[in-house]
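The next block holds one structure in the form of structure tokens; read it before the comments.
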Amino acid sequence: MSADRALLDEALERGEEEGGNVEFKERLTRAVHLSDGRMESLAAQLRHRVLSGDGVATYVVGVTDDGGIAGIPPDDFSETMDVLSLLAEEAGAHIEDVETWGVGESAERGLVGVATIREGAMLDVDDDHIVVGTAGHVDHGKSTLVGSLVTGQADNGNGSTRSFLDVQPHEVERGLSADLSYAVYGFSDDGPVHMRNPHRKSDRAQVVQEADRLVSFVDTVGHEPWLRTTIRGLVGQRLDYGLLVVAADDGPTRTTREHLGILLAMELPTVVAITKVDAVSEERVAEVEREVERLLRDVGRTPLSVERHGVDAAVEEISESVVPLFLTSAVTMDGLDDLDRLFEALPKRSAAEGEFKMYIDRTYSVTGVGAVASGTVNSGAVEAGDTLLLGPMSDGEFREVEVRSIEMHYHRVDRANAGRIVGIALKGVRESEIERGMVLLPGDAEPTAVREFEADVMVLNHPTRIQEGYEPVVHLETISEAAIFHPDGGRLLPGDTGTTRVEFKFRPYFVEVGQRFVFREGRSKGVGTVTKVD
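With full-length UniProt numbering, the residue at position 80 of the sequence shown is 80, and numbering never jumps.
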């Protein structure tokens with residue numbers, strides 16, 4: 001058994017009490033335990049356990065009736081959780097959390113799990129919820145600022161709150177983010193709802209449960225070698241707003257300009273936060289503020305100083321052309337109250353009507369659950385139990401899968417609408433078969449895999465002309481794929497707007513007319529819009 005099994009030991013100990021809220025089950029199967037009569041009896045038993053525990057019951061799975069450790073294979077454990085979820089639904093409850101352990105040195109005897117079941121249906125999180133993507137140069141304080149926002153805690157001056165977002169040990173050790181990370185906080189009638197300890201999954205789930213309005217952050221990477229990851233975060237998520245940070249001790253850099261260009265290319269209303277104002281003089285802060293204002297005007301945007309005009313003006317005026325400018329410090333917490341007021345008041349922008357669609361950004365496997373696809377819901381809604389299509393696979397085909405469950409910031413929900421960042425557990429596919437850039441669509445859709453499409457493009461930066469056979473990387477939704485350009489007229493010059501045929505080099509994807517994309521090769525880059533799909 002795993003050394004970390006306090007929860008299991010406690011459940012086994014409490015399970016010895018007759019009539020308590022703990023139930024032992026070795027396994028549950030659809031054929032036996034959902035049959036006529038048996039399902040009603042087991043649901044009544046579950047309801048009794050929930051009421052005995054003042055609204056909470058504990059089911060220990062993979063053990064004998066007397067609490068002996070048995071262990072069951074992963075597939076059987078997964079089916080047991082499916083059956084238990086249906087029994088809980090029948091009893092007016094839901095599975096809130098599941099902890100699993102392997103039995104034996106290498107889990108050769110299978111799995112044991114402890115499921116926490118709570119009274120009431122799974123929450124349908126349909127509150128006002130905005131998604132904000134961060135951008136900015138490395139060491140300018142993106143993750144530190146977001147960490148202080150979501151926790152309400154001041155930084156120690158050495159990036160202590162940054163650790164709440166960086167998920168890999170080498171990222172924490174080096175102080176450099178190397179992949180996208182996520183954070184959430186919210187607002188209720190009593191003000192901001194913060195995470196006390198973001199390293200605990202339950203704290204993130206509690207924010208989702210308690211807040212009337214949620215703000216999710218997609219924190220990108222500031223180090224130049226990982227610009228591709230930053231583009232993925234800004235292009236591939238269904239963002240409502242951008243948050244560009246500029247450090248007062250450094251000022252705008254080439255990376256600042258690059259990231260700003262991507263935000264503007266995606267037509268994303270953006271906020272600029274000048275960070276580390278505590279580390280420099282007032283004169284230096286004013287100088288950097290003027291530099292940022294010049295940078296914004298150079299790209300045709302109007303800066304709006306919150307110091308001079310206030311938060312209400314920022315909420316009212318923010319748009320693709322007006323960029324509010326905040327002065328902040330995660331150490332003194334200056335300016336963070338203003339950002340709270342802004343994020344509490346900003347309207348949601350990205351809600352999309354129509355059928356469900358979600359491009360996959362990450363995949364992982366959860367013991368006892370199976371393959372999980374993570375991403376931001378582009379449009380429509382998805383519910384537990386839905387049948388979906390996944391693909392295209394490398395051969396262009398789409399695979400039918402079933403939604404086992406949905407989690408949003410570690411909180412289980414029964415439905416997710418457009419704009420939600422979720423993990424969807426899928427039945428009918430292995431995690432190794434799912435790739436970033438694939439899409440999930442309704443089961444009755446008739447999608448076509450796309451190898452080529454036509455697009456209107458604008459070349460933003462290129463040392464020479466773009467000719468037939470030019471091979472950049474195209475970033476469209478969560479797709480990052482090498483492509484071959486076939487421009488009309490045979491070439492495109494820097495600053496040109498033109499039409500080109502775009503051919504994915506290695507495999508097909510799901511592409512639709514109207515989608516915007518960024519293409520990049522070295523320091524060359526441009527933007528485009530899909531106009532025709534072959």
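Glycine included, C-beta positions come from ideal geometry on N, C-alpha and C.
Owing to the predicted nature of the structure, the values given are computational and were not obtained by experimental measurement.
- Taking all protein chains in view, the Cβ of V403 is crowded by 16 or more other Cβ atoms within 10 Å, so the residue is classified as buried.
- Judged by their CB atoms, F504 and P472 are not nearer to each other than the 7 Å cut-off.
- If you ignore the 5 residues before and after P192, its C-beta comes within less than 7 Å of the C-beta of G152, Y185 and D340, all in its own chain and listed in chain order.
- Assigned with DSSP and collapsed to three states, Q515 falls in coil, not helix or strand.
- Judged by DSSP in its simplified three-state form, V369 adopts coil rather than helix or strand.
- Rounded to whole angstroms, the separation of the alpha carbons of E477 and G437 is 7 Å.
- Judged by DSSP in its simplified three-state form, G157 adopts coil rather than helix or strand.
- Each of M333, A286 and F24 was checked against the Cα of S148, and the nearest Cα belongs to M333.
- Sequence-distant Cβ neighbours of A57 in its own chain, meaning closer than 6 Å and more than five residues away, are N21, R49, V50 and I117.
- If you ignore the 5 residues before and after H137, its C-beta comes within less than 6 Å of the C-beta of G222, T253, T255 and T256, all in its own chain and listed in chain order.
- Nearest in C-alpha terms to V429, of all of V285, G443 and A371, is A371.
- F187 sits in a strand when the DSSP states are folded into three classes.
- If you look at T58, you'll find it in the beta strand (DSSP E) that goes V56 to V61.
- Contact between the stretch 449-468 and the stretch 417-431 is absent: fewer than three C-beta pairs spanning the two stretches fall below 8 Å.
- It is roughly 43 Å from the alpha-carbon of G375 to the alpha-carbon of E283.
- When secondary structure is reduced to three states using DSSP, A449 falls in the coil class, being assigned neither helix nor strand.
- The three-state secondary structure of A384, taken from DSSP, is coil.
- In the DSSP assignment, V422 falls within the beta strand (DSSP E) that extends over I421 to K427.
- Taking the Cα positions, I318 is about 21 Å away from R516.
- Inclusion of K357 and I130 in the CB contact set at 7 Å is not warranted, their separation being larger than that value.
- Under DSSP, V132 takes part in a beta bridge, and its partners are F217 and Y241.
- With contacts defined by Cβ atoms closer than 7 Å, R501 and E454 form a contacting pair.
- DSSP places E477 in the coil class of the three-state scheme, outside both helix and strand.
- Between the alpha carbons of P74 and L111 lies a distance of about 7 Å.
- Burial check for Y364: the Cβ neighbour count within 10 Å stays below 16, so the residue is exposed.
- In this structure, the beta-carbon distance from H33 to V98 does not fall below 7 Å.
- Counting along the chain, T255 sits inside the alpha helix (DSSP H) bounded by residues R254 to A265.
- Pairing A211 with S188 gives a Cβ-Cβ distance under 7 Å.
- Around the beta carbon of A482, a 10 Å sphere encloses fewer than 16 other beta carbons of the protein chains shown; the residue is thus reported as exposed.
- DSSP, reduced to helix, strand and coil, places E454 within a strand of the structure shown.
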